[in-house]
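Below is one structure, written out as structure tokens, with a few remarks after it.
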Amino acid sequence: MFGVVSDLISSGVLPEDVRGAPVEISDTKQPEHGDFACNFAMVASKKAGMNPRQLGEALREKILAKGDSAVREIEVAGPGFLNFRLHPSWVASFVPNVLDKGSDLAKSQSGSKRINVEFVSVNPNGPITIGSGRGAAYGSTLSNVLQAAGNVVHREYYINDGVNSEQMRLFAESVKAIVEGRPVPDNGYKGDYVHAVAADIKEEASSLGLPSLTTDWYQQKAQDSMLQAQESALTAFGVAFDTWFSEQSLHEAGAVSVEIDQMIESGVADANPVRTKLKLAKGGVIDEVIVESQTGDVSEDDDDPNASAAQVTEGGQPTLWLRSTKFGDDMDRVLRRRDGRLTYIASDVAYHKDKFNRPENADKLITILGPDHHGYIGRLTAVVAAMFRAASRAEQGAGGGVPGAGNASELSEVEAKIYGSVEERDACLAALSEAKARLEVQIYQLVRFMKDGKPAPMRKRDGNIYALIDLIREIGEKVAPDGTDEEKTTAGRDVARFFYLMRSHDTTFDFDLDLAEKQSDDNPVFYVQYAHARICSVLRKAAEAGFEVTDSADFEKLVHERELTLIKKVCDLPYEVKRCAEDYGVHRLTTYAIELARTYHHFYDACRVIQADQPELTRARLGLCQATRVALKGALDLLGISAPERM
RNA sequence: GCGGCUGUAGCUCAGUGGAUAGAGCGCUUCCCUCCGGAGGAAGAAGUCGGGGGUUCGAGUCCCUUCAGCCGCGCCA
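Quick note, the first sequence lines up with residues 13 to 659 if you use the numbering used here.
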């Protein structure tokens, strides 16, 4: 196509202008539009100074004159589409290619980055919930897809085990109370799983002597126990991590205090008793800069007098602020509280530095967070930007900014309040743009679980949490009632993953438990898996009849419309994967799997595979069956769903 | 107030700026001498929330408006 356009330009039929017009070849929706369509004539008609159909005619003749073996026919249709019809033999020649590639079919070399994908990362004070299940399914599949697209992928789980965390403290105290036979504190953790954790460590506690054990000891033990439960639930769900990274290890290694010193030194953090807040108008435009004084009573307009009283009485040292408003955040954030304890943001700075600076040296970080964290994007980006800013300051010495940033524009009134100087502004904005380029935060949206047509509660009144492992077990029990425990887990995992991945991660959706628990054709998971099992059955049957699958059959025998449609669908897999890797929309793989299964069923219905009196046709169709199996299994593998040979 | 998500067939939802907007469920019919019927074929069903704009062309991109769900701590 490019060649043809280029020829026409050289020969003076088309003006030079046309060279810039994009050439797009797309799949057609309707068979009468041929196999592929090209819209070039319409896109370029203005520049060419010809009407689209005229231009299309010219292109058509030129292409046909080239005598490409793939093209059988071209017609100019509609407003100016070029509809290409391909030779069936050319289409059929892809079958042996697919057979050669085998399990590599889904792979491509479109990406070449080193990517760190962090996902799930829930606190070690509770089980993986069905809400986090979406992040687990999404993160693991996205990782698979990015890897298939040619990237080196590192899967990571961040353990929020900072000893200063209030939540972890409370969790430890709750467990301690249970072990000691006392009632748990009013605001403590009360679910069954807390008792399970207590039971898990009780023996060791008793042997060490209860009175000697501190809350610290309980925190460590309770957390270990919980982590183990989380890991086993994730394993059952088909999710594995390369690294389980401990927040506390950063504190112990002194990395956090190093970062804090560096931030103070470079001026992105300080203890001035003010807090900058930005009032934003539509579109993120800064409307007003508010600098609040933080001296004396922290009284703001707080409705809760106890809370502010507590803050005042605990006051020991001035609050340390991260001036995150310099990096696009809408308010400054606390790094170190009045009582001296560090916030999670402090460790996040050190954590992100670590991710970038490890030997494996990630080019890009992807962090997958739940819907309750979307306000965290700005904060996290600011944290990384501050980290870059502090690091560049440290390297270049004091005054190191970005020399020759080229932006000599003066400070606006708003900028003056935030940055104070042109140099500071430019350096901070440069750091921010680097942070945006290298950190990508993906938020998945809320899942609502529907049972009997009504929303199922995520958290029960007795303090129990609807855990992912329970979801897997419940579905497995319904869908594989006669299976072994392992079969039930696999079935539950397959169904749950498929359902989580059916919709874009970026959109809220209802998880239909009633449908998920149906062991019938209504359930899309089984529809897809059944297609795979059916192919395997045909292949078994063929083997019994003495047929072998080879890549040297006479594939030109494949001329039926449904055979050709199936071949094209099979060949789509690597392109689907590539697209998913580009826009992270991995839900398309479930749609693809359903469509591929359907296309196979169509073929199966119209084209009998095993026919003793037509051995050549049989061998060709067996090859196509095997190719379909390769694509189906390829898609299911990426989704983390099993491809059963029998059902 | 600010931000995120959503609005497409009776229901649940697909949909790469392309031609007559597609599936599944449900509804009305039909196909088992059969390699697995957990399958297939046909039909009815739509002002793509409303209004502007961008362009050869908009469900898709931009603006605006209406409706719904969710989130905005010195918790993580």
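We put the CB at the ideal spot given by N, CA and C, even for glycine.
Cβ separation of residue i and residue j, assumed to be a contact under 8 Å, to the nearest whole Å
i	j	result
Ala2	Arg505	Residue 2 lies beyond the stretch modelled for the chain, which goes from 13 to 659, so this question has no answer here.
Gly143	Gly382	6 Å
Leu94	Ile86	6 Å
Tyr612	Leu570	Contact flag wrong, Cβ pair sits at about 14 Å.
Leu585	Gln638	Actually they do not touch by this definition, with Cβ atoms about 14 Å apart.
Arg391	Arg450	That pair is no contact at about 16 Å.
Val209	Ser237	5 Å
Residue i to residue j span [Cα, whole Å]
i	j	result
Arg146	Gln531	22 Å
Asn128	Ala374	6 Å
Val621	Ala647	23 Å
Ala398	Ala184	33 Å
Ser6	Phe253	There is simply no residue 6 to check, as the chain begins at 13 and stops at 659 in what is shown.
Ser115	Val16	36 Å
Arg348	Val270	14 Å
Asn109	Cys619	22 Å
Gly32	Met62	16 Å
Ala479	His364	29 Å
Ile21	Leu76	17 Å
Ser18	Lys58	17 Å
Ala70	Ile380	50 Å
Ile140	Gln626	55 Å
Pro493	Tyr150	27 Å
Tyr431	Ser445	16 Å
Ser73	Ala53	First, the amino acid is wrong: residue 73 is Glu here, not Ser. Answer to the nearest angstrom: the Cα atoms are 13 Å apart.
Tyr205	Gln260	24 Å
Gln179	Asp198	14 Å
Trp333	Gln306	11 Å
Gly138	Glu427	44 Å
Val395	Met343	12 Å
Thr325	Val491	Confidence is the limiting factor: at Thr325 the pLDDT is only 41, short of 50, which leaves the residue's position unreliable and the question unanswerable from this model.
Val642	Leu117	7 Å
Arg574	Leu629	14 Å
Burial state of residue i, where buried means 16 or more other Cβ atoms lie within 10 Å
i	result
Val35	exposed
Trp256	exposed
Asp566	exposed
Ser133	buried
Ile190	buried
Leu26	buried
Phe615	buried
Lys645	buried
Asp228	exposed
Thr393	buried
Tyr587	exposed
Ile547	buried
His186	The residue asked about is misnamed: residue 186 is Ser in this sequence, not His. Classification of Ser186: buried, given that the 10 Å Cβ count is 16 or more.
Ser81	exposed
Asp47	buried
Identified DSSP bridge partners for residue i
i	result
Gln454	Ile380
Asp39	Phe48
Ala217	Paired residue(s): none; Ala217 is not in a bridge.
Ile430	Note: Ile430 sits in no beta bridge, so no partner.
Glu304	Arg287
Ala60	According to DSSP, Ala60 bridges with nothing at all.
His166	Asn128
Val571	For Val571, which the question treats as bridged, DSSP gives no partner whatsoever.
Ser258	Ile171
Val346	Trp333
Arg522	Reading off the sequence, residue 522 comes out as Asp, not Arg. Paired residue(s): Arg460.
Lys119	None; Lys119 has no bridge partner.
Thr393	Beta-bridge pairing links Thr393 to no other residue.
Glu87	Asn95
Pro467	Met462
Asp282	Trp333
Leu292	Ile298
Quiz item: Should the region 348 to 363 be regarded as contacting the region 172 to 180, the criterion being three or more beta carbon pairs within less than 8 Å?
Solution: yes
Quiz item: Pairing CB atoms from the region 283 to 296 with CB atoms from the region 258 to 265, are three or more of them under 8 Å?
Solution: no
Quiz prompt | Segment contact, 8 Å Cβ cut-off, at least three pairs: the region 514 to 525 with the region 457 to 464 | solution = yes
Quiz item: Should the region 591 to 606 be called in touch with the region 505 to 515, which here means at least 3 C-beta pairs below 8 Å?
Solution: yes
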